[in-house]
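Trainee: Mind having a look at this structure? Questions to follow.
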Amino acid sequence: MLANKVKKRYKHLYKRYARQNLEVFRLYDWDIPEIRAVVDWYGGHLVIGEYSRKQSEPDWLPLMGTAVAEALDVPKEKLHLKIRKAGIKEGTRYERINHTNQKIAMGEGDLQFYINLDDYVDTGLFSDHRNTRKRVGQMAKDKDFLNLYCYTDAFTCYAAKGGARSTLSVDRSETAITWVKENLDLNHLSDPRHTMAQEDTLDFLAKAKWRNLSFDLAVVDPPSYSTTKVTEKHFDIARDYPFMLNQVFDLMRPGATVFFSTNHQNFEMDTARLTAADIKEITQATIPEDYVTKRKQIHRCWEIHL
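In structure tokens, the structure reads:
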């Protein structure tokens with residue numbers, strides 16, 4: 006069942022996405038209730054994850070992976086299996102699971118991004134936000150751009166390619182900041198105007214005002230939960246988003262735009278708790294065709310004007 010569904014989906018998407026130079030896209034996401042899996046295409050590689058649960062069998066994921074790989078004629082050395090732990094509150098999905106240190110470049114439109122298929126559950130590129138990235142790139146010309154929780158910096162690459170006057174990318178992870186530099190180099194976008202800060206986002210926001218930093222465009226795409234290693238501060242997006250976003254708004258110039266996104270499945274926004282008044286949910290416009298599902302949306306997204 007899984008192999009047949011994935012093969013049909015691949016035939017539907019592949020040629021059209023190839024014309025757009027989209028090498029990374031989703032083929033399956035728990036569409037059949039009994040098959041708790043996610044299947045992603047990475048330019049000839051398959052990444053297949055199991056949404057694990059207590060009754061998961063160790064042979065199940067390799068069996069699913071083999072069936073899908075055979076259906077798409079993908080050799081076993083290009084099959085990458087992952088366990089996804091849904092519903093956990095902290096950290097596990099981001100911990101390192103291997104040490105190959107192998108990155109390969111994948112195309113997304115006019116840009117390329119390094120991905121690592123084996124060392125982490127996440128590969129370095131969240132392709133569900135490719136529409137949002139394009140939107141940011143189209144708005145970035147002559148803007149000072151802020152990218153919070155920047156991860157591997159795909160949004161910043163789009164902003165830089167779109168003619169941003171400057172960019173600042175913030176992430177607490179040394180691995181992410183190194184990846185940022187590599188992605189900028191890969192796209193010939195390295196420039197003193199495009200800077201990075203390895204810093205916890207909430208710590209950055211606390212200091213940014215007295216640093217006299219200000220911006221015209223920002224992306225805020227935080228994890229649902231996090232804990233700072235040094236101070237043990239716990240962040241919960243469902244609880245803490247007003248405190249975080251209002252600090253972001255304080256850094257934005259009049260007429261600025263902030264894109265805020267979350268993949269928290271039960272997130273509800275109370276706009277009355279925010280200091281910005283022009284808030285529009287744009288989720289439907291930001292979810293690509295390959296991520297549309299009958300289940301809950303992969304993310305939610307708002308465009309906020311100051």
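Every number in our numbering is 5 more than the matching position in the sequence shown, counting from 1. Using N, Cα and C, we set each Cβ at its ideal position, and we do this for glycine too.
If you measure between the beta carbons of L86 and I53, is that distance less than 7 Å?
Mentor: yes
Trainee: If you drop the 5 nearest sequence neighbours on each side, which residues of the same chain put their C-beta closer than 8 Å to that of Y154?
Mentor: V175, D176, T206, V225, D226, P227 and P228
Trainee: Please report the straight-line C-alpha distance between Y163 and L189, rounded to a whole angstrom.
Mentor: 10 Å
Trainee: A23 to K186, Cα distance in whole Å?
Mentor: 27 Å
Trainee: Express the C-alpha separation of Q203 and N152 in angstroms, rounding to a whole number.
Mentor: 12 Å
Trainee: A277: which of W184, G48 and P247 sits nearest, CA to CA?
Mentor: P247
Trainee: According to DSSP, simplified to helix, strand and coil, what is F160?
Mentor: helix
Trainee: When DSSP labels each residue in this structure, what does K12 get in the three-state scheme?
Mentor: helix
Trainee: Measuring CA to CA, which of K10, V141 and E286 is closest to A72?
Mentor: The shortest C-alpha to C-alpha distance from A72 to any of K10, V141 and E286 is the one to K10.
Trainee: Which word fits G129, buried or exposed, when buried means at least 16 other C-beta atoms lie within 10 angstroms of its C-beta?
Mentor: buried
Trainee: Tell me, please, whether the segment 251 to 258 touches the segment 288 to 308 by the rule of three or more beta-carbon pairs shorter than 8 Å.
Mentor: no
Trainee: Find out if the Cβ-Cβ distance for the pair A42, M69 is shorter than 7 Å.
Mentor: yes
Trainee: Out of H193, F150, E75 and T137, which one is the CA nearest neighbour of R258?
Mentor: The shortest C-alpha separation from R258 is found at F150.
Trainee: May I have the straight-line CA-CA distance separating E100 from E179, to the nearest angstrom?
Mentor: 13 Å
Trainee: Provide the residue(s) that pair with Y56 in DSSP beta bridges, ordered along the chain.
Mentor: R89
Trainee: Between the alpha carbons of R198 and G168, how many angstroms are there, rounded?
Mentor: Straight-line Cα distance between these residues: approximately 11 Å.
Trainee: Can you list, in chain order, the residues of its chain with a C-beta nearer than 6 Å to that of R89? Leave out the 5 residues immediately preceding and following it.
Mentor: Apart from sequence neighbours up to five positions away, the residues of its chain that approach R89 with a beta-carbon distance below 6 Å are G54 and Y56, ordered along the chain.
Trainee: Within this structure, are the beta carbons of L51 and V79 separated by less than 7 Å?
Mentor: yes
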